[in-house]
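The structure under discussion appears below in the form of structure tokens.
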Amino acid sequence: MRRANFPLLLSLLLLAALPLLWMYLPPAADALQRGTDDRARNAVREAAPAYRPWLDSFWRPSDSTVERALFTLQAVIGVLVFYWSITALRARRTDR
Amino acid sequence: MHIAEGYLPVAHCIGWTAAAGPFAVLSIRRVSYLMRQNPEQRLLLAASGAFLFALTAIKMPSVTGSSSHPVGTALGVFLTGPVAVPALAAIGLLFQAMLLAHGGLTTLGANLFSLGVAGPAVTWVLYRSLQGLGVRRGLSCGAAAFAGDLATYLTTSFQLALAFPDASGGVPAAFLKFAGIFFFTQVPIALAEALLTVMVLKNLAPYLQRPELAASEG
Numbered sequence: 028m029r030r031a032n033f034p035l036l037l038s039l040l041l042l043a044a045l046p047l048l049w050m051y052l053p054p055a056a057d058a059l060q061r062g063t064d065d066r067a068r069n070a071v072r073e074a075a076p077a078y079r080p081w082l083d084s085f086w087r088p089s090d091s092t093v094e095r096a097l098f099t100l101q102a103v104i105g106v107l108v109f110y111w112s113i114t115a116l117r118a119r120r121t122d123r
Numbered sequence: 325m326h327i328a329e330g331y332l333p334v335a336h337c338i339g340w341t342a343a344a345g346p347f348a349v350l351s352i353r354r355v356s357y358l359m360r361q362n363p364e365q366r367l368l369l370a371a372s373g374a375f376l377f378a379l380t381a382i383k384m385p386s387v388t389g390s391s392s393h394p395v396g397t398a399l400g401v402f403l404t405g406p407v408a409v410p411a412l413a414a415i416g417l418l419f420q421a422m423l424l425a426h427g428g429l430t431t432l433g434a435n436l437f438s439l440g441v442a443g444p445a446v447t448w449v450l451y452r453s454l455q456g457l458g459v460r461r462g463l464s465c466g467a468a469a470f471a472g473d474l475a476t477y478l479t480t481s482f483q484l485a486l487a488f489p490d491a492s493g494g495v496p497a498a499f500l501k502f503a504g505i506f507f508f509t510q511v512p513i514a515l516a517e518a519l520l521t522v523m524v525l526k527n528l529a530p531y532l533q534r535p536e537l538a539a540s541e542g
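Chains as they are written, first to last, in the working numbering: chain A, 28 to 123; chain B, 325 to 542.
Next comes the structure, spelled out in structure tokens:
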């Protein structure tokens with residue numbers, strides 16, 4: 028990889044690691060962890076208490092640490108592919 | 325924007341899958357066409373898909389005391405065209421539905437519609453309109469990306485409101501309720517995402533074969 032931009036890569040990876048870093052926040056920050064997706068789900072339960080989800084995910088992460096690690100994995104995969112492809116794009120152009 | 329597995333009634337799941345289906349098919353065909361073009365198109369697809377993939381995984385705190393995800397679709401709209409975006413969004417949604425229990429397979433149609441169809445459509449239409457009005461490219465892209473992010477979440481609000489109307493206020497009241505949960509939290513996140521998208525575009529522009537067409541339907 029020519030002229031790899033390490034500061035860029037590092038900061039992107041740090042951004043990707045955000046979900047994992049959430050683990051180390053004090054409990055007071057717990058409210059932040061209740062994302063809008065969760066709040067919407069609670070709103071549905073309140074709006075229609077009789078409604079039962081008719082299917083559940085056939086596999087879910089065993090605990091919140093695994094869940095955060097998987098989110099981080101997704102973000103890291105995305106960051107690496109993104110970084111690789113824009114580096115390749117830039118390298119192609121400067122080759123001309 | 326991820327409606328959880330089983331959280332839409334069967335009829336709605338079928339309906340939204342039917343709504344998203346044609347766009348998904350069109351998008352897959354578009355992506356395979358683009359893949360057969362020059363290497364630059366393949367790299368643009370990879371960059372757009374990866375951007376979306378990464379951004380939908382990142383949970384960002386917001387000023388409202390809650391948190392949410394960016395959508396990451398705007399970059400794809402500008403680099404690969406809006407038609408290619410649903411396929412890219414589907415990759416991320418499938419990964420999250422199957423490995424993270426985030427979103428669902430029954431709700432894939434609905435989530436694909438909000439994330440891959442509605443949001444990008446708003447981004448595209450607004451971008452073209454602003455460009456037509458002579459607004460500077462950077463501002464057009466940023467405003468379009470911002471609006472697209474919010475449009476995705478408003479679509480999700482509409483989907484939920486349609487499925488769970490308010491006892492007294494019906495769908496409109498339910499829409500306001502769900503939109504209220506998403507909207508204010510999403511605004512700063514959408515703003516951050518818009519700025520990031522514009523930054524990436526500005527950085528990439530010198531390296532694109534036809535930068536003036538980077539956001540065209542090409």
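Using N, Cα and C, we set each Cβ at its ideal position, and we do this for glycine too.
Three or more beta-carbon pairs separated by less than 8 Å link the region 382-397 of chain B to the region 508-526 of chain B, which places the two stretches in contact.
For the 7 Å CB-CB criterion, P406 of chain B and G440 of chain B do not form a contact.
Residues of the same chain with a CB within less than 7 Å of the CB of G416 of chain B, apart from the 5 flanking positions on each side, are L376, F377 and T380 in chain order. Per DSSP, F499 of chain B is one residue of the alpha helix (DSSP H) stretching across G494 to L528. Along the region 363-395 of chain B, the alpha helix (DSSP H) occurs as fully enclosed runs of 4 or more residues at 363-379, listed in sequence order. Residue range V409 to L423 is occupied by the alpha helix (DSSP H) that includes M422 of chain B. Judged by beta-carbon spacing, F488 of chain B lies beyond the 7 Å limit of A102 of chain A, meaning their Cβ atoms are not closer than that value. Taking the Cβ atoms as the reference, D473 of chain B lies roughly 7 Å from G443 of chain B, within the contact range of under 8 Å. Around P80 of chain A, the beta-carbon contacts reaching into chain B at under 8 Å are A328, E329, G330 and Y331. With its beta carbon less than 7 Å from one in chain B, V108 of chain A belongs to the interface. R461 of chain B: member of the alpha helix (DSSP H) spanning R461 to A487, first to last residue.
Per DSSP, the continuous alpha helix (DSSP H) segment holding V349 of chain B begins and ends at V334 to M359.
K526 of chain B has a beta carbon lying at 7 Å or more from every beta carbon in chain A. Fewer than three pairs of CB atoms, one per stretch, sit closer than 8 Å, so the region 351-368 of chain B makes no contact with the region 490-510 of chain B. Within chain A, L116 and R119 have C-beta atoms less than 8 Å from the C-beta of E364 of chain B, given in sequence order. Not one beta carbon of chain B lies nearer than 7 Å to the beta carbon of A44 of chain A. Sequence-ordered contacts of the region 329-357 of chain B with chain A read E329, G330, Y331 and V334 [C-beta pairs closer than 7 Å]. Counting only Cβ-Cβ distances below 7 Å, L97 of chain A has contacts in chain B at L423 and L424, in chain order. L525 of chain B and V459 of chain B have their C-alpha atoms roughly 16 Å apart. In the DSSP annotation of this structure, the continuous segment of the alpha helix (DSSP H) that includes P444 of chain B starts and ends at G443 to G456.
A straight-line Cα-Cα distance of about 26 Å links Y451 of chain B and G504 of chain B.
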